[in-house]
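**Q** Start counting the sequence shown at 1; every next residue gets the next number (UniProt numbering).
Ideal placement from N, C-alpha and C gives every residue a C-beta, glycine not left out.
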Amino acid sequence: MSTPSPRPPRPNDRRGFEIAIICALPLEADAIEALFDYYWDSNGPPFGRAVRDPNSYSTGVIGCHNVVLVRMPGMGKVHAAAAASNCRASFPNVKIALVVGVCGVLPFKHNGEEIVLGDVVISEGIIQYDFGRRLPGQFIPKEGPLDSLGRPNQEIRGVLAQAKGIRGHQLLNPKLCAEYPGSAYDRLFEASYRHSEDQKTCEQIGCNGKLVPRLRLQATRASPAPTVHFGLMASGDSVMKSGEDRDREVEARDIVAFEMEGAGVWDILPCIVIKGACDYADSHKSKVWQRYAAATAAACTKAFLDFWVSSLDQGMPKRAVDERQIQPAFLVPFSKNDLFAGRDDVLARLQGLLFHERRRKAALVGLGGIGKTQIALQLAYWIKEKKQDYSVFWVPALSHASFEQACMQIVNSGDIPTSDSDSAIESVRRHLSSKRAGKWLLVVDNVDDAQTVMGSVGAESGIYRSLPQSDEGRILFTTRYQKVAVSVAGQNIIEVPAMGRDEARSYFKQALIQKISSSDDQVIDDLLTLLTYLPLAITQAAAYMNENLIPLTGYLQLFESTDRDRIELLSVKFQDDTRYEQSQDPVATTWFISFNQIRKANELASRILMFLAYIEPKAVPQSLLPEGESQQQLTRAIGTLCGYRFLDRRGSSEVFDMHSLVHLATRSWVAENDSENEQSQAAIARLSEVFPTDEWENRDVWRQYLPHAIKLLRCTENDWSDELCELGFWAARCLLVDGRVTEAVELLEHEAAVKRTTLAEDHPDLLASQHTLAGAYQANGQIKEAVKLLEHVVA
């Protein structure tokens, strides 16, 4: 969160306004005016309007911008076009018009992402869906190039691209004081179920059709945080009040919302439409959501204006411009956990170490699933709210590849200056070590592998040496390995214990959808005891009960009937005893129950789960996952895994994370079902199918895929098939292009050794591999090895 923006000076006349906000309904305009930071109309002579301009205007300040608010006399394209034309006459220097208000939305986007009432949609384009020819019994839209509305201008497209980034999405999240109407009023009926009486509400006539399940509404008892969506908006003079017609329009065009003013403004002023969802564009409309939706749209508009750079900055004091350019960053890949409970002692100790005793480094250490990451996340949002002069950055350190990828994302956010000669890791280190970075917190999450952190002889240097150092900076590590905690933080270590009984009770009750009475206390206590008060185990148990509508007693009976031998088997199968020697059995038992339920309920979700066991658990792109027979099937499978919290989507992107202990448990589950060979071959086949060649235009793709390919290659190091050799060859070539020569040499040596056992000495495939290996030797400074191998190749 940034510090308050400096107020711009009062414009000399109407030419000093570059931003117009246009609203059709009084409640929409009231929501915008309530967010004015200053009112010019109440502090000085009026700015007036042009001759014969009938518009009503209010002028003021939002953030660091002078804005003019236009109140339309009515709804629809005609009123909007007239208001925009008159506004342009009175305020000739308007560079952008924001059409702000309420709209109807599509409840599910094409990628399966939910839109709920109160969410905000920002237009990437406008479709005039009611413009066409009306024939007997048929309407044909006119969609020729001369009939369609143009795309936004280059400046607006640039602002939209910035707003859609990781940091942009976080800054856009509406900060509300409006009262949430309640999820009980957010009801989505099936599209075919019609509202029988137009002038009465659903409550008055007793609408009782089948409701479509909404996972976002089920996930929390509190009001869901509004989410910002980007996409095409359908604009027309008629109100969309039919779920079936809505779905037909969406099938023909990739639409996310329906509104009535954007098309009127679009060709007159450079325009963006920002509207809050007040209904689902069906017959079951309710005005109860309009004020809340208008408030979310207004709050998002205020946040959106932070991205707009005025051409009038030369009129602002230089210090004001400079302050706006060095606003603190908040780059955290997770939303705030609204269900977080307890941990007051741990948070207080952590805040004391970092900010009162001013220790530059601290570490949270404890068992996998104990809640270290969630505590770090809570601290990050506490800093965002309470220490607004701090930037917050977040990087996972599961492997060197994961760490580097996170640094690339920080650099790509635009907040870190870089040069062509610097790596992403070096750019982040240099910037945060400089005075220009100001105060900051860096969370280094999942620092579990000693070699990854500290490095070892003959291997790539550890990430610890790449971390920034600054008197103004703080670094928080999370790890389950005591040795790593001591190495990175010395004595500044906080041991994270299991939850206390009261904390666990409170958290469990919040996580459950079903109502809990005092008569359930003993059952809850018995279950929490079996779960050892571990937050991750509690979360998984609640998710399973919520999804399957199982009562407490039913789940307790299911849990107690589990074979203890399976728990021991999971413990034996752990791949790294130094990292997970303290892993407690009940966690794995809970996951095994859910794994088997998924296998029975969703075959594709089960295949994806088993595929994930063989690749890196962090930053998994959706394009890497096994495909189903249709996109809808894949969306449902991913939704199942996200519903169990086995996958977490990063914001609104198509990138997912899997908890590392869940990842390990999945591998043990695969082994227990005697399907390791089958599943490893399936994973090899999928990665070999999608992994690209090393051409430069493929770089963005193979940089995403490389950590996963390397993980798979190392998991099957002793049994490389022809398919794996091919994957290893291209992965190594991509590593060479990326300058990661040591890793490339390691892969190429193994690949060439395998081929020597199966191919003749003069076979073209073997010679090609050896030639590439020789080039890697040369790049790595191993000249003798390179010359020797080349002599053999050309002989």
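Classify Leu66 as helix, strand or coil using the three-state DSSP reduction.
**A** According to the sequence shown, residue 66 is Asn rather than Leu. Here Asn66 sits in strand by DSSP.
**Q** May I have the straight-line CA-CA distance separating Arg566 from Asp245, to the nearest angstrom?
**A** The predicted model places Arg566 with a pLDDT of 32, which falls under 50 and marks its position as unreliable; any figure quoted below should be read in that light. Spanning the two alpha carbons is a distance of roughly 52 Å.
**Q** Quick check on this structure: which residue in Pro54, Ala24, Gly44 and Gly60 has the alpha carbon closest to the alpha carbon of Tyr38?
**A** When each option's Cα is compared against that of Tyr38, the closest is Gly60.
**Q** Is Glu791 buried or exposed, if buried means 16 or more other CB atoms sit within 10 Å of its CB?
**A** By the 10 Å Cβ count, Glu791 comes out exposed.
**Q** Could you check whether Pro692 and Asn698 sit closer than 8 Å to each other, using their CB atoms as the reference points?
**A** yes
**Q** Could you tell me the alpha carbon to alpha carbon distance between Phe508 and Gly500, rounded to whole angstroms?
**A** 12 Å
**Q** What separation, rounded to the nearest whole angstrom, lies between the Cα atoms of Glu723 and Ala744?
**A** 18 Å
**Q** Are Ile32 and Val99 touching if we call contact CB-CB under 8 Å?
**A** no
**Q** Among residues of its own chain, excluding the 5 on either side of Ile156, which ones have a beta-carbon nearer than 7 Å to its beta-carbon?
**A** The beta carbon of Ile156 sits closer than 7 Å to the beta carbons of Ile96, Pro270 and Ile272 from its chain, once the five residues preceding and following it are set aside; these are given in chain order.
**Q** Can you tell me which residues form a DSSP beta bridge with Leu364?
**A** Thr478 and Ile494
**Q** Do you know how far the Cα of Asn337 is from the Cα of Gln374?
**A** 8 Å
**Q** Mind pulling the alpha helix (DSSP H) runs of 4 or more residues that sit fully within the region 217-281?
**A** 243-252 and 262-266
**Q** Report the partner residues of Lys439 according to the DSSP bridge assignment.
**A** Tyr390
**Q** Using CA coordinates, which residue listed in Gly739, Glu746, Asp719 and Cys715 is at the minimum distance from Phe729?
**A** Phe729 has its Cα closest to that of Glu746, out of Gly739, Glu746, Asp719 and Cys715.
**Q** Using three-state DSSP, classify Gln374 as helix, strand or coil.
**A** helix
**Q** For His356, count the other beta carbons within 10 Å of its own beta carbon; 16 or more makes it buried, fewer makes it exposed. Which is it?
**A** exposed
**Q** Just list the residues that DSSP pairs Thr59 with in beta bridges.
**A** Val68
**Q** Can you tell which of Leu647, Ala80, Asp448 and Gly118 has the C-alpha that lies nearest to the C-alpha of Glu261?
**A** Put simply, of Leu647, Ala80, Asp448 and Gly118 the residue whose alpha carbon is nearest the alpha carbon of Glu261 is Ala80.
**Q** So what's Asp657 in DSSP terms, helix, strand or just coil?
**A** Note: Asp657 maps to strand in three-state DSSP.
**Q** Would Ser769 and Leu748 be called neighbours here (beta carbons separated by less than 8 Å)?
**A** yes
**Q** Roughly how many whole angstroms lie between the Cα atoms of Pro226 and Pro213?
**A** 18 Å
**Q** Output the distance between the C-alpha atoms of Gln679 and Ala489, rounded to the nearest integer angstrom.
**A** 40 Å
**Q** Among the residues of its own chain, which have a CB less than 6 Å from the CB of residue 812, if the five just before and after it don't count?
**A** Since the displayed the chain opens at 1 and closes at 795, residue 812 lies outside it and no answer follows.
**Q** Between Leu117 and Tyr129, what straight-line distance do the alpha-carbon atoms span, to the nearest angstrom?
**A** 23 Å
**Q** Is the CB of Leu748 under 8 Å away from at least one CB in chain D?
**A** This model lacks chain D altogether; it includes just one protein chain.
**Q** Relative to the C-alpha of Arg248, which candidate in Ala89, Ile615 and Asp282 has its C-alpha closest?
**A** Asp282
**Q** Between which two residues does the alpha helix (DSSP H) holding Gly158 run?
**A** Gln154 to Ala163
**Q** Is it a yes or a no for the region 436-454 touching the region 471-483, going by three-plus beta-carbon pairs under 8 Å?
**A** yes
**Q** In angstroms, rounded to a whole number, what distance separates the CA positions of Asn546 and Ala511?
**A** 9 Å
**Q** Using a Cβ-Cβ cut-off of 6 Å (strictly less than) and excluding sequence neighbours within five positions of residue 816, which residues of its own chain qualify?
**A** Here the chain has residues from 1 to 795 only, and residue 816 is not among them.
**Q** Give me the Cα-Cα distance between Tyr580 and Tyr533, rounded to the nearest whole angstrom.
**A** For Tyr580, the predicted structure reports a pLDDT of 27, less than 50, and the residue's modelled location is therefore unreliable. A value from the coordinates is still provided. For Tyr580 and Tyr533, the distance between alpha carbons rounds to 18 Å.
**Q** Under a three-way DSSP split, which group does Pro9 fall into?
**A** In this structure, Pro9 counts as coil in the three-state DSSP scheme.
**Q** Which residue from Phe403, Ser56, Ser470 and Val94 puts its Cα closest to that of Ser433?
**A** Ser470
**Q** For a quick check, are the C-beta atoms of Leu712 and Leu687 less than 8 Å apart?
**A** yes
**Q** Starting from the C-beta of Thr578, find all residues in its chain whose C-beta is less than 7 Å away, skip the five residues before and the five after it, and write them out in chain order.
**A** For Thr578, the predicted structure reports a pLDDT of 24, less than 50, and the residue's modelled location is therefore unreliable. The matter cannot be settled from this model.
**Q** Between the beta-carbon of residue 810 and the beta-carbon of Val365, is there less than 8 Å?
**A** Residue numbering for the chain in the displayed model covers 1 to 795; residue 810 lies beyond these limits and cannot be assessed.
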